[in-house]
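Heads up, the thing below is written out as structure tokens.
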Amino acid sequence: MFYQTDDPALFIDFTSSNQGWHIHVSNPFSKGTKRHLVSITPPYKSNMKKPGITTRLVSGLGIIALASASHAAVLIDEVTRNGSFESPNVGAGDAKNGFDMPGKDLDNWFNTTTTWAGATGATYGDVGVDFNAGGSHSGSQFAFFHGGDGGAYNLTTYEIQAGDQFTLTWWGRADTLGVRLFSSTDLTYNTAATLAEISQAQPGGYAQYSLTYNAAPADVGKTIGVSIFNPLAGYANVDDVELSVIPEPASSAVFALGSAAFLLRRSRRRTTV
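Residues 72 to 344 in the working numbering are what the sequence shown spells out, letter by letter.
And the structure:
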């Protein structure tokens with residue numbers, strides 16, 4: 072992104088890479104090395120033409136802005152909201168009905184239906200946690216879903232912001248897995264509205280898959296969650312579910328950059344008086 076400040080002699084180039092955000096402040100009317108005024112790049116060490124209190128303050132503003140805007144926040148993973156299905160450890164062997172069943176309930180995961188399709192004489196159908204040796208991608212537990220038997224969801228408390236970029240990853244194998252990102256207006260599944268959905272074939276052994284979503288204006292203020300199910304047949308396996316969000320470069324970052332430009336402008340004028 073490229074910004075022109077109120078001063079036509081100050082331009083701010085705000086770009087991103089796999090290392091983070093980069094700021095370059097320049098004067099397009101200067102020649103050679105004088106064109107460059109400030110650079111702040113990962114790991115956010117500044118390179119200034121004239122170090123001093125003003126440029127140090129500029130550097131501080133830039134670093135604060137970048138720190139708030141460049142890092143992905145983890146919403147679900149192996150230690151946050153039980154993305155690896157490890158808690159609690161319910162023992163060895165096969166433990167079906169692992170969602171919302173007394174003694175086998177998995178933390179933070181809930182059924183999407185109260186009675187599973189094909190669950191004759193049972194409250195819940197053939198879905199749950201499997202502990203066969205070597206069956207999980209990591210740890211000792213993973214989830215499996217039988218075709219037509221509904222699914223499970225994990226609803227975070229994160230409120231969607233304008234410009235948010237969500238990335239959902241998981242490790243899956245054996246049969247097709249349905250994965251859905253949804254929003255909620257009341258922190259329950261009752262108001263779930265689909266944001267993005269994929270039916271992912273998972274042939275062979277474990278492989279990592281992903282689903283991405285960019286927040287729309289109508290999503291702002293709602294909470295986001297993940298729903299997993301089997302849309303076809305067989306037994307779809309899943310482990311190590313991770314959901315993260317990268318906020319849009321925050322307005323505070325743009326404000327900080329504007330403040331930096333203003334301070335540079337004042338500093339330059341003082342040196343020319």
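We treat Cβ as the ideally placed atom computed from N, Cα and C, and that holds for glycine. A quick note: this is a predicted structure, and the numbers were derived from the prediction, not measured.
Let me know if residue 228 comes out buried or exposed under the rule of 16 or more other beta-carbons within 10 Å of its beta-carbon.
exposed
With a cut-off of 8 Å on the beta carbons, I'd call residue 237 and residue 284 a contact; round off their distance for me.
5 Å
Is the closest heavy atom of the ligand ADP to the C-beta of residue 306 under 7 Å?
In terms of ligand content, the structure shown is empty, and the ligand ADP therefore cannot be addressed.
List the whole-angstrom C-beta distance separating residue 308 from residue 156, where the pair is believed to meet the contact cut-off of C-beta under 8 Å.
So it is not a contact: roughly 11 Å between Cβ atoms.
Note the first and the last residue of the continuous beta strand (DSSP E) segment covering residue 251.
248-255
Run of the beta strand (DSSP E) containing residue 285, from where it starts to where it stops
278-285
Kindly list the residues whose CB is nearer than 8 Å to the CB of residue 259, restricted to its own chain and excluding five residues on each side of it in sequence; keep chain order.
226
Assign residue 248 to one of two classes, buried (16 or more other C-beta atoms within 10 Å of its C-beta) or exposed (fewer than that).
buried
In angstroms with no decimal places, state the Cα-to-Cα distance between residue 213 and residue 318.
30 Å
Beta carbon of residue 298 nearer than 8 Å to that of residue 151:
no
Roughly how many angstroms lie between the CA atoms of residue 310 and residue 316, to the nearest whole one?
20 Å
Per-residue burial, residue 187 [other beta carbons within 10 Å of its own, 16 or more giving buried]:
Here the model assigns residue 187 a pLDDT of 42, short of 50, so the residue's position is not dependable, and the following value carries that caveat. By the neighbour-count rule (16 or more Cβ atoms within 10 Å), residue 187 is buried.
Hey, how far is the Cα of residue 220 from the Cα of residue 246?
14 Å
7 Å CB neighbourhood of residue 275 in its chain, flanking five on each side removed:
244
Backbone CA spacing between residue 257 and residue 178 [nearest angstrom]:
20 Å
One or two residues paired with residue 306 in a DSSP bridge
217
Label residue 261 either buried or exposed according to how many other C-beta atoms from any shown protein chain fall within 10 Å of its C-beta, with 16 as the threshold for buried.
exposed
According to the neighbour-count rule (16 or more other Cβ atoms, all chains shown, within 10 Å of its Cβ), is residue 138 buried or exposed?
With a pLDDT of 49 at residue 138, under the threshold of 50, the modelled position of that residue is not reliable, and the figure given next carries that caveat. It is exposed - the Cβ of residue 138 has fewer than 16 other Cβ atoms within 10 Å.
Please list, in chain order, all residues of the same chain as residue 144 whose beta carbon is under 6 Å from its beta carbon, the five residues on each side excluded.
316
With a threshold of 16 other CB atoms inside 10 Å of the CB of residue 265, please say whether the residue is buried or exposed.
exposed
Which stretch, first to last residue, makes up the beta strand (DSSP E) that contains residue 405?
Given that the chain is displayed from residue 72 to residue 344, the structure contains no residue 405 and the question cannot be resolved.
Find out if the Cβ-Cβ distance for the pair residue 282, residue 295 is shorter than 8 Å.
no
Along the chain, where does the beta strand (DSSP E) that runs through residue 238 open and close?
236-244
Output the distance between the C-alpha atoms of residue 303 and residue 231, rounded to the nearest integer angstrom.
31 Å
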